[in-house]
Every structure is written in structure tokens, then in C-alpha cells.
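First up is the structure itself, then whatever we jot down about it.
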Amino acid sequence: MALRVYNTLTRTKEEFKPREGNKVSIYVCGVTPYNYCHVGNARPYVVWDVIRRYLEYKGYKVFHVQNFTDVDDKIIARAAEEGVTPGEIAEKYIAEYFDDMDALGVKRAHIYPRVTEHISDIIEMVQGLIEKGYAYEVDGDVYFAVERFDEYGKLSGRSLDEMRAGARVEVDEKKANPMDFALWKRAKPGEIAWESPWGKGRPGWHIECSVMSHKYLGDTFDFHGGGVDLVFPHHENEIAQSEAYTGQPFVRYWLHNGFVNFSGEKMAKSVGNVITIREARQEYAGLALRLFLLSTHYRSPIDFDLEKLAAAQKGWERIQNAWEGLEQALDKGEELSQEGELPERARVLQDRAEEAVAKFVAAMDDDFNTALAVGVLFDLIREINSFLREPVTTAGERAALARAREAFQDMGEVLGLLPAAEKAADDGLVEELLQLIIDVRQEARKRKDFALADSIRDRLSELGIILEDTPQGVRYRRK
Ligand SMILES: [Zn+2]
Numbered sequence: 026m027a028l029r030v031y032n033t034l035t036r037t038k039e040e041f042k043p044r045e046g047n048k049v050s051i052y053v054c055g056v057t058p059y060n061y062c063h064v065g066n067a068r069p070y071v072v073w074d075v076i077r078r079y080l081e082y083k084g085y086k087v088f089h090v091q092n093f094t095d096v097d098d099k100i101i102a103r104a105a106e107e108g109v110t111p112g113e114i115a116e117k118y119i120a121e122y123f124d125d126m127d128a129l130g131v132k133r134a135h136i137y138p139r140v141t142e143h144i145s146d147i148i149e150m151v152q153g154l155i156e157k158g159y160a161y162e163v164d165g166d167v168y169f170a171v172e173r174f175d176e177y178g179k180l181s182g183r184s185l186d187e188m189r190a191g192a193r194v195e196v197d198e199k200k201a202n203p204m205d206f207a208l209w210k211r212a213k214p215g216e217i218a219w220e221s222p223w224g225k226g227r228p229g230w231h232i233e234c235s236v237m238s239h240k241y242l243g244d245t246f247d248f249h250g251g252g253v254d255l256v257f258p259h260h261e262n263e264i265a266q267s268e269a270y271t272g273q274p275f276v277r278y279w280l281h282n283g284f285v286n287f288s289g290e291k292m293a294k295s296v297g298n299v300i301t302i303r304e305a306r307q308e309y310a311g312l313a314l315r316l317f318l319l320s321t322h323y324r325s326p327i328d329f330d331l332e333k334l335a336a337a338q339k340g341w342e343r344i345q346n347a348w349e350g351l352e353q354a355l356d357k358g359e360e361l362s363q364e365g366e367l368p369e370r371a372r373v374l375q376d377r378a379e380e381a382v383a384k385f386v387a388a389m390d391d392d393f394n395t396a397l398a399v400g401v402l403f404d405l406i407r408e409i410n411s412f413l414r415e416p417v418t419t420a421g422e423r424a425a426l427a428r429a430r431e432a433f434q435d436m437g438e439v440l441g442l443l444p445a446a447e448k449a450a451d452d453g454l455v456e457e458l459l460q461l462i463i464d465v466r467q468e469a470r471k472r473k474d475f476a477l478a479d480s481i482r483d484r485l486s487e488l489g490i491i492l493e494d495t496p497q498g499v500r501y502r503r504k
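Reminder that position 462 of the sequence shown reads as 487 in this note's numbering, one-by-one numbering, no gaps.
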């Protein structure tokens, strides 16, 4: 089945066709690093991480670019408050951003361009827009003339008159039209600034994304993403700048994620109703937070609430335990009987695994419906757990279990919710050591040294490892 995506530009679900062969180019608007990331900020990055993983699962070669707005009013204000340079503020919060994204299982983009490293490219595009008659300079500021770009408003679906009526536009005598926006801003005394043909100054906000996407992805690319709050004016302005500059279509598919609301309002630093990823991580696993964010379709708003987050934590533990149970059951293979036909229950599990993958793909093909896809994963987990309630004694049962594991792995990898990924670094050593401890404990029990056996169980429990007697023998799970 073909992948269909909801394109903000056409307001319809369209079949996705890459611009070039099996290559997919993605640009996602990144953060302004002046503070810790909150749950609302993190949503687009988790969403785009899953989109990218799914495209890769479908065999596309993805190139993902995401910027850092490392100079802006908020960074400058914060730097002044703390008595450090804007560069130091940006550096600190970029490191924090990566720390949070690692915890949320977000893969790194292929490139993270920063504004301060692209000033000459920005000046070049602004200059080009002036030469083409789309921009004008007034007293050290450069503005984009929205009336010169006929299609201004095509993304947000509003005419210039409607925008003017809806926006609280400050009267600025320098602007020819109140909706004109700054491409370059003249330096205020003492502020960080760069030399330009219009005197010392710094870029306006919108121009950076046009410049950096153009530099790394070319005139036209496949996907552009960000929160729905960026549709207007940011993305509208990006289109105007880029298409005016290149004369080519800018982006083929615009995808926008919904807000995270908290206490009835959009989670935002300006509103003051934020929970940072850092705070959430003190109580919940990063991947539980990821599961929470993916349990709603990316275009729908999420109402943040701690009970739902606690439920996601339980869900994440269920995923981990099912995966470990599966791994442990599959580890015992040698003593299985080869005879007989495929047992009925094995055939059922195998069918359920096939069905799960088909349903998962159908959900993801329908505009990346992770809410449904997560449900499919939990259905499969239920099947696996119920299968493991009886001992696995035949090669046929083991084969069915292996098929279920494969389905689990494919879905878990796309959603970024595979416990194995978290533990990849230890090369399986932890599992082997745990098995060794379990074996020693079994030996102690055989010798009737129950004091030692109990002490091992208690100490494992302190470490968050629970031992359970199952038909497959003793197995462990994490608390
Ligand atoms: Zn942007």
C-alpha cells in the first residue's frame, strides 16, 4: 500500500512520492537553545524521528536536516542576565537538547546547521532578494515586501487583508506594508552583530531556514515539518523567501504536528505551564515519555496529564518485560522436540504476527498513525505473553515465537520503543551475567541453602530485577 500524508499546503491527504528515486529529504525547524526543552518542544522531534524511521523501514534513503537558531532575542536576553556570551548560552542548551533527545530515543539528524555559522549565506540570499525586487532596505534594516510575492498566504490559506485584520501589527513607519517582515535587523548598541552591506546587524528569524534548507537540500525538497504554530508566519515567510529567490517550488509536503496542552492551554514558556523533559525524566523513563507522545496522532493536540504519563510508564515496562520474556524463551532451544506437526497454538501465533505487521504498516501508511500502530504493538505483546504462559517444547512453537519476535522488532524499531536499542551498548553482557546469577541461585536451592538463595533474590530486587518461576524455568524482569 502506498504511503499517504496530510499536506498542509493542499489540505488533503496525498500519496507520497519522493522527488528523486528512493531518496527523501527532510527539513525540520529546530530549537532556539536558551532554556531546557519542555514536553511541547520535544513533540515534533519525536514525531519526525518516527517518520524518518518508518521511511527507512520502507527502504527510503533519508537525509534529515534540522537547524539551531543559535542567535535571537531570547538568547541575547538570557546571556545578559547571566553575564555570559550568547554563544555560551546556545552551547549549553544545545548540549542539554541532545541529552534530552538521547533519552527520548531520537536519532541524530544528519546535519544541524546553526545560524551563526551561515551568516554569509544569509547575506547572500538577502542581497539576492533585494536585487530581484522582493526586498528593500530602510536605515540598516531589510524587509521582505509581501505584496511582491503573489502567492503569499498559500500555506495558511489567508489573504493579506485577512492577516492584517487578524494580526496585532505594530505600526512601523519603516515598512511599506505592515505585514512585511525583517530579513536583516540593524544592530542595537552592544548587541552581537555582523558586518553586512547594510551595516552591522543580524538576521531576522525566518531567513535562516530558507538559507540552510537551500544550502543542504537544494531548491526543492520533500518534507518540511514543525509545530502547527509555525504555519504562520514562519513557514509562510519561508515559502515567500525561498520561492522568490529560486523561482522554484520550495517544499513538496508540509507536515505540522499539534500542540501539547497543559491545564487547558498550549504548553509554552511564555504561558508558564511547562514540564521540562528534564523534570519528567526524574520520575519517568525517557521512552515512557516517548510512548506517551506517540499514543496520539501527530496532528491531534495532546492533553498532558500526569496520570497518562504514569500509564505510559506502565506500558513501557510491559514492552520491556515482553521483550525480555521472548528473548529468554528463545534462548532455550537445544532440548526441543522436532517431531509432530505445527501445534495449533504456534500456527495461531504466527498468523497473529503476520496480521500485526500488516495492520501496523496500514496504520503508518495512513499519515503516520502512531496511535493505531502503538495499539497494534500492544495487541501482539498480549498474544506473545499468553503464548508464553505454556511451556515451549517443540521446534514449531519456537519458530512461531521467532516470527513474533521479528514482528515485535520491526514495529519496535520504527516506533523507537525497542528495549534492545537501549541495551545495545552492553553487548548482552548484562543478560549473561544475570543468567549466571540465576544459575548460582538455583544451585544454592538444590543444596537447600535457602538463606543464600533468598539473599540473591532480595539483592536483585534492590537492583530492580524480579525473579519469577515460569513454565520456561526461572526468568527475570525489570520492576
Ligand atoms: Zn524554520
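Think of the CB as a built atom: it goes at the ideal place given N, C-alpha and C, for glycine as much as any other residue.
Since the structure is predicted, the reported quantities are computational estimates derived from the model, not experimental observations.
Quickly, what does DSSP pair residue i with across the bridge? List them, please.
i: A160; result: F169
i: K339; result: Paired residue(s): none; K339 is not in a bridge.
i: H63; result: T301
i: D328; result: N286
i: P228; result: W209
i: G251; result: H281
i: I409; result: I409 pairs with nothing; no bridge assigned.
With DSSP collapsed to three states, give me the class of residue i.
i: Q91; result: strand
i: F19; result: Any question about residue 19 goes unanswered here, given that the chain covers just 26 to 504.
i: D186; result: helix
i: Y31; result: strand
i: N286; result: strand
i: Y241; result: helix
i: V96; result: coil
i: V499; result: strand
i: K448; result: Residue confidence is low: K448 scores 48 on pLDDT, short of 50, so the model does not pin down where it sits. Its coordinate-derived value is still stated next. Helix.
i: R44; result: coil
i: L458; result: helix
i: Y122; result: helix
i: H143; result: coil
i: M26; result: coil
i: E493; result: strand
i: V56; result: coil
i: E217; result: In the sequence on display, residue 217 carries Ile and not Glu. Reduced to three states, the DSSP call for I217 is coil.
i: D508; result: Limits of the chain in this structure are 26 at one end and 504 at the other, which puts residue 508 out of reach.
i: T419; result: strand
i: K38; result: strand
i: P203; result: coil
i: R484; result: helix
i: D474; result: coil
Looking at residue j and residue i, is the spacing between their C-beta atoms short of 8 Å?
i: V64; j: I344; result: no
i: D244; j: P43; result: no
i: A170; j: D205; result: yes
i: Y161; j: Y168; result: yes
i: D98; j: P58; result: no
i: Q497; j: R428; result: no
i: R208; j: L255; result: Checking the sequence shown, residue 208 turns out to be Leu, not Arg. Result no, Cβ atoms of L208 and L255 do not sit closer than 8 Å.
i: V401; j: A424; result: no
i: H505; j: Q266; result: The shown model of the chain, from 26 to 504, leaves out residue 505, and the question about it has no answer.
i: Q152; j: P222; result: yes
i: G130; j: Q91; result: no
i: F93; j: R133; result: no
Assuming the contact rule is C-beta atoms closer than 8 Å, residue i and residue j should be a hit. Round their C-beta distance to whole Å, please.
i: V75; j: V439; result: 7 Å
i: I51; j: R77; result: 7 Å
i: G350; j: L443; result: Not confirmed; about 14 Å, so no contact.
i: F329; j: N286; result: 7 Å
i: R503; j: E342; result: 7 Å
i: F41; j: Y278; result: 7 Å
i: I101; j: E220; result: 18 Å between Cβ atoms; not a contact.
So if I measure from each beta-carbon to every heavy atom of ligand 1 and keep distances below 5 Å, which residues remain? Cβ-based neighbours of ligand 1 within the cut-off: C54 and C234.
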